[in-house]
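**Q** Submitted below is the structure of interest, expressed as structure tokens.
2 protein chains.
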Amino acid sequence: MAKIKRLCTLLLRLMALAATLSAAIVMATSHQTTTFFGVSVEAKYSHSPAFKYFVIANAIVSVYGLLVLFLPPKSLLWRLVVGLDVVFTMLLTSSISAALAIAQVGKKGNSSAGWLPICGQVQNYCDHVKGALIAGFIGVIIYMLLLLYSIHIALDPLLLQKT
Amino acid sequence: MAKIKRLCTLLLRLMALAATLSAAIVMATSHQTTTFFGVSVEAKYSHSPAFKYFVIANAIVSVYGLLVLFLPPKSLLWRLVVGLDVVFTMLLTSSISAALAIAQVGKKGNSSAGWLPICGQVQNYCDHVKGALIAGFIGVIIYMLLLLYSIHIALDPLLLQKT
Chain X
1 MAKIKRLCTL
11 LLRLMALAAT
21 LSAAIVMATS
31 HQTTTFFGVS
41 VEAKYSHSPA
51 FKYFVIANAI
61 VSVYGLLVLF
71 LPPKSLLWRL
81 VVGLDVVFTM
91 LLTSSISAAL
101 AIAQVGKKGN
111 SSAGWLPICG
121 QVQNYCDHVK
131 GALIAGFIGV
141 IIYMLLLLYS
151 IHIALDPLLL
161 QKT
Chain F
1 MAKIKRLCTL
11 LLRLMALAAT
21 LSAAIVMATS
31 HQTTTFFGVS
41 VEAKYSHSPA
51 FKYFVIANAI
61 VSVYGLLVLF
71 LPPKSLLWRL
81 VVGLDVVFTM
91 LLTSSISAAL
101 AIAQVGKKGN
111 SSAGWLPICG
121 QVQNYCDHVK
131 GALIAGFIGV
141 IIYMLLLLYS
151 IHIALDPLLL
161 QKT
């Protein structure tokens with residue numbers, strides 16, 4: 001039973017790693033050049049601080065996810081993992097929300113502020129960003145599940161060892 | 001000792017409640033009317049989905065924070081509070097990140113997307129939003145501390161009871 005649970009968690013962590021890694025890569029490779037009234041305009045993730053933050057956050061969480069996979073099952077460091085999961089899930093949540101807010105303005109614009117939507121001009125770029133956001137969202141959901149599961153179960157052996 | 005700890009948590013929860021409540025109120029009351037080339041323009045939080053989300057999230061967390069204050073110390077519901085703290089801290093983190101991303105565009109603009117900064121025109125409104133973001137940020141930090149503390153300590157009695 002414990003083995004099946006461990007396998008499930010490992011599988012979830014692998015999926016989360018795949019999701020955050022692909023989110024970072026898809027966002028980082030998103031760019032499109034278009035001509036607009038004769039002027040060549042390039043749309044790139046690095047033009048928006050929120051998208052840069054998204055790439056960096058997903059890259060950091062991917063590195064963390066990779067390191068956790070190699071942690072031996074009996075390691076005392078697992079005690080730290082719950083706390084680290086909290087911190088990194090916050091980081092992912094925050095980055096995806098910021099990117100989503102900017103993407104929403106990019107798609108719909110904001111008429112009160114006079115910000116025009118840009119997705120009509122750079123459709124490919126917008127599709128790329130949408131893909132990255134979906135991958136990032138899957139990553140957040142999996143980390144959230146892992147976290148609630150950790151709080152519920154993983155602290156058990158930790159505290160049984162103490163008593 | 002346990003009494004002091006309980007008092008500290010209670011105090012932190014009170015501070016978090018004050019922070020989220022004032023964040024919601026300050027953001028919800030932020031509006032400014034200005035004339036721009038002879039046209040009257042109103043800047044209001046409800047014109048941006050991210051700011052609306054910020055107000056709603058802070059209001060929800062305020063209600064939750066208020067309810068938790070009235071939870072009796074021996075209540076079995078405290079077992080739930082750790083999980084709920086995770087969910088509501090995520091909600092706060094997400095709302096403040098989205099609002100911050102939009103506020104950054106409002107302040108600095110985004111030259112690649114052709115979005116002009118608006119803070120020069122509606123300085124009062126921007127100051128209001130800044131105040132709300134600072135209050136929200138304080139709320140997130142306190143909830144984060146409470147959460148890491150809960151994970152570290154509050155699960156202890158819960159699991160001792162089980163064994």
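For the record, the sequence lines run as chains X and F.
Residue 163, in the UniProt record's numbering, is where the first sequence stops; the numbers in between run on with no holes.
Residue 163, in the UniProt record's numbering, is where the second sequence stops; the numbers in between run on with no holes.
The C-beta atom is built at its ideal place from N, Cα and C for all residues, glycine as well.
Every value quoted in this text rests on a predicted model; they were computed, and no experiment measured them.
1) Measuring only the C-alpha atoms, how far is X:ARG79 from X:TYR143?
2) By the three-class DSSP mapping on this structure, what secondary structure does F:ALA43 have?
3) Report yes if the CB atom of X:LEU91 is closer than 8 Å to the CB atom of X:ILE60, and no otherwise.
4) Report all residues from its chain with a CB closer than 6 Å to the CB of X:CYS8; omit the five preceding and five following residues, and keep chain order.
5) Given X:LEU160, which residues of its chain have a CB within under 8 Å of its CB, disregarding the five upstream and five downstream residues?
6) Quick check on X:VAL39: buried or exposed, where buried means 16 or more other Cβ atoms within 10 Å of its Cβ?
7) Could you check how far apart the C-beta atoms of F:ASP85 and F:LEU147 are, in whole angstroms? I think they sit under 8 Å.
8) Please identify, using Cβ separations under 8 Å, the residues of the segment 42-62 of chain F that lie next to chain X, in order along the chain.
9) Would you mind stating whether X:THR34 and X:VAL26 have Cβ atoms separated by less than 8 Å?
10) Using the C-alpha atoms, what's the distance from F:TYR45 back to F:ARG6?
11) Beta-carbon of X:VAL82 versus every beta-carbon of chain F: anything under 8 Å?
12) X:ILE56: which of X:ALA132, X:GLN123, X:LEU145 sits nearest, CA to CA?
13) Please list the segments of the alpha helix (DSSP H) lying wholly inside the segment 75-143 of chain F, counting only runs of 4 or more residues, in order along the chain.
14) Who are the neighbours of F:ILE142 on chain X, taking C-beta pairs under 7 Å?
15) Using DSSP bridges, identify the partner residues of F:HIS31.
16) Below 8 Å CB to CB, which residues in the same chain sit around F:SER150 once its five sequence neighbours on both sides are set aside?
17) Candidates X:TYR53, X:SER30, X:THR93, X:LYS74: which alpha carbon is nearest X:ALA43's?
18) Please tell me whether F:LEU76 has its Cβ less than 8 Å away from any Cβ of chain B.
19) Where does X:LEU17 land, buried or exposed, given buried means 16+ other C-beta within 10 angstroms?
20) Quick one: using the 10 Å Cβ neighbour count with 16 as the cut-off for buried, is F:VAL87 buried or exposed?
21) Would you identify the three-state DSSP class for F:GLY65, choosing helix, strand or coil?
22) Nearest-angstrom Cα distance between X:LEU67 and X:LEU77?
23) Looking only at its own chain, which residues have a Cβ that is under 6 Å from the Cβ of X:ALA50, when we skip the five neighbours before and after it?
24) Reducing DSSP to helix, strand and coil, say where F:LEU71 ends up.
25) Give a yes or no on whether 8 Å exceeds the smallest Cβ distance from F:GLN104 to chain X.
26) Could you confirm whether any beta carbon from chain X is found closer than 8 Å to the beta carbon of F:MET1?
27) Confirm, please, whether the CB-CB distance from F:LEU14 to F:LEU71 is below 8 Å.
28) Out of curiosity, what's the CA-to-CA distance linking F:PHE137 and F:ILE96?
29) Using 8 Å as the limit for Cβ to Cβ distance, is F:SER112 near chain X?
30) Short of 8 Å in beta carbon distance, which residues of its chain neighbour F:TYR64, apart from the five on each side in sequence? Order them along the chain.
31) For F:PHE37, count neighbouring C-beta atoms within 10 Å of its own C-beta (all shown protein chains included) and say buried if the count is 16 or more, exposed if not.
32) Inspect the beta-carbon positions of F:THR20 and F:SER62 and report whether they are closer than 8 Å.
33) So, does the CB of X:MET27 fall closer than 8 Å to a CB anywhere in chain F?
34) Going along chain X in order, which residues have a C-beta closer than 7 Å to the C-beta of F:ILE118?
**A** Let's see:
1) In this model, X:ARG79 and X:TYR143 are separated by some 17 Å (Cα to Cα).
2) Reduced to three states, the DSSP call for F:ALA43 is strand.
3) Yes, they are a contact pair.
4) Once the five neighbours on either side are set aside, X:CYS8 has no close Cβ partner at all.
5) Here the model assigns X:LEU160 a pLDDT of 41, short of 50, so the residue's position is not dependable, and the following value carries that caveat. Excluding positions up to five away in sequence, the list is empty.
6) Exposed is the call here.
7) About 5 Å separates the CB atoms of F:ASP85 and F:LEU147; that is less than 8 Å, so the two are in contact.
8) Residues GLU42, ALA43, LYS44, HIS47, SER48, PRO49, ALA50.
9) Taking C-beta atoms as the reference points, X:THR34 and X:VAL26 fail to come closer than 8 Å.
10) Approximately 37 Å, taken between the alpha carbons.
11) Contacts with chain F at 8 Å (Cβ-Cβ) include X:VAL82.
12) Here the closest residue by C-alpha is X:ALA132.
13) Listed in chain order, the complete alpha helix (DSSP H) runs (minimum 4 residues) inside the segment 75-143 of chain F are 78-108.
14) Near F:ILE142 there are no residues of chain X at all, since even the closest Cβ is about 14 Å away, more than 7 Å.
15) Paired residue(s): F:LYS44.
16) Only VAL81, VAL82, ASP85 meet the Cβ criterion.
17) X:ALA43 has its Cα closest to that of X:SER30, out of X:TYR53, X:SER30, X:THR93, X:LYS74.
18) Considering every chain present, this structure includes no chain B. Its protein chains are X and F.
19) Under this definition X:LEU17 is a buried residue.
20) Exposed, by the Cβ-count rule.
21) Assigned with DSSP and collapsed to three states, F:GLY65 falls in helix.
22) If you take the alpha carbons of X:LEU67 and X:LEU77, they lie about 11 Å apart.
23) So the list reads ALA98, ALA99, ILE102, once near-sequence residues are dropped.
24) In this structure, DSSP gives F:LEU71 a state outside helix and strand, which the three-state scheme calls coil.
25) Yes, because at least one Cβ of chain X sits closer than 8 Å to the Cβ of F:GLN104.
26) No - not a single Cβ of chain X is within 8 Å of the one on F:MET1.
27) Cβ distance not < 8 Å, so F:LEU71 and F:LEU14 don't count as in contact.
28) Distance between F:PHE137 and F:ILE96, taken at the CA atoms: about 7 Å.
29) It does; some Cβ of chain X falls within 8 Å.
30) Spatial neighbours of F:TYR64 in its own chain (CB-CB distance under 8 Å, excluding positions within 5 residues in sequence) are listed in chain order as LEU84, PHE88.
31) Looking at its Cβ environment, which holds fewer than 16 other Cβ atoms inside 10 Å, F:PHE37 is exposed.
32) Here F:THR20 is near F:SER62, since their CB atoms are less than 8 Å apart.
33) Not an interface residue.
34) Correct list: ALA113.
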